Every structure is written in C-alpha cells, then in structure tokens.
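> Could you have a look at this structure, given as structure tokens, before my questions?
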C-alpha cells in the first residue's frame, strides 16, 4: 500500500473535489461543495496563509486537508480534512491528521489547534487529544451539529 502526502497543486483539484463529494451528505452538506471549491480557488490564487496537502494512494488522490492561522490571531485552524469514503477506516485519516499536526509543530510550535466538525466526526478527533469546547445544534443544517474542538500542542 503506497501512500504519499504532499503539498497541494492545482492539478490535484479534481481528485480533492471527488473525495469531498463522496462524503456528501453524511459528513458535509451539499452547500459545502461550493464552499470547498471556492476554498481551492483561493488556495490556487496564491493563498500563503494556508498549508494544504493531498493524500495519494497508489498514485490516486484519495484525500486532502490543511491548516492555517486564518484570523491572524495565533490560533491554528484545521481546514477541510477528508478522505474519500471508499478509504475510510483504513488509517489514511489518521496519517493525514498526524502529518498536519507534525507540520504545525514545525511551523507554528506551541500554537493551539482548533477545528469545527460534526457529531459524525468529533469522536475521531477526540482519539487524538482534541477536546470539545462548544456544541451548536443544527449549525450546518437541520440535524447536523457543529462541534468546536481544541488541541493544545
């Protein structure tokens, strides 16, 4: 099983979008497809605030995710971390999360890391030390709640 995590390039766009769409509507809403595509467009227009990576398995893009200090407040936010649904529960998400945390430690040591996720994913992040700080019911859409979480590095 060959896996590579590398910096996002414009040529990775379609693979990332396909991986994203595979997680709709379970983990993301239909509206978020447009949000994700707009994020990639900003990233491709030289967004130096965000570090973004892709996960390749056997030379196929199966996931992506990044991080940045989007509000310039010394708090690092994880951005759009996901693995294609056909590759869930195989360790790829764990590898991507650990890779991003290691990159944060190198680039922004001692910065807290935050994420907002849903009731369907927060348990994954808890396993790696993230703590729930707030729950907002029906935030993303009816029945999809927002879980704000933090990790102290």
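Numbering (the UniProt record's numbering), first residue to last: 1 to 153. Cβ atoms here follow ideal geometry from the backbone N, Cα and C, with glycine treated the same way. Predicted model only: the values in this text are computed from it and were never measured.
1. I need the straight-line Cα distance from residue 91 to residue 54, nearest angstrom please.
2. In the DSSP assignment, find the alpha helix (DSSP H) that holds residue 9 and state where it starts and stops.
3. In the DSSP assignment, find the beta strand (DSSP E) that holds residue 86 and state where it starts and stops.
4. Can you give me the Cβ contacts of residue 160 inside the same chain, cut-off strictly under 6 Å, excluding the 5 residues immediately before and after it?
5. Can you name, in chain order, every residue of its own chain whose Cβ lies under 6 Å from the Cβ of residue 112, other than the five neighbours on each side?
6. Use the C-beta contact count for residue 129: other C-beta atoms within 10 angstroms, 16 or more gives buried, fewer gives exposed.
7. If distances are taken between C-alpha atoms only, which option among 100, 110 and 39 comes closest to residue 125?
8. Looking at the strands, I want to know which residues DSSP matches up with residue 148.
9. Quick check on residue 101: does DSSP put it in helix, strand or coil?
10. State the beta-bridge partners of residue 53 as determined by DSSP.
11. Measure the beta-carbon distance from residue 83 to residue 68 and round it to whole angstroms, keeping in mind my assumption that it falls under 8 Å.
12. Just the Cα atoms here: how many angstroms apart are residue 127 and residue 117?
13. In terms of residues, what are the limits of the alpha helix (DSSP H) holding residue 48?
14. How would you label residue 12, buried or exposed, when you count the other beta carbons within 10 angstroms and need 16 or more for buried?
15. With DSSP as the reference, identify every bridge partner of residue 141, one or two as the case may be.
16. If contacts are defined as beta-carbon pairs under 8 Å, then residue 52 and residue 66 qualify, I think. What distance do you get, rounded to the angstrom?
By the coordinates alone:
1. 15 Å
2. First-last for residue 9: undefined, no H or E at that position.
3. Counting along the chain, residue 86 falls outside any beta strand (DSSP E), and DSSP gives it neither H nor E.
4. Residue 160 falls outside the range modelled here, since the chain spans only 1 to 153, and no answer is possible.
5. 75, 150 and 152
6. The residue in question, residue 129, is exposed, as its Cβ has fewer than 16 Cβ neighbours within 10 Å.
7. 100
8. 116 and 134
9. helix
10. 7 and 65
11. At roughly 20 Å, the Cβ-Cβ gap does not stay under 8 Å, so residue 83 and residue 68 are not in contact.
12. 14 Å
13. Residue 48 -> no alpha helix (DSSP H), and no H or E assigned at all.
14. buried
15. 144
16. 3 Å
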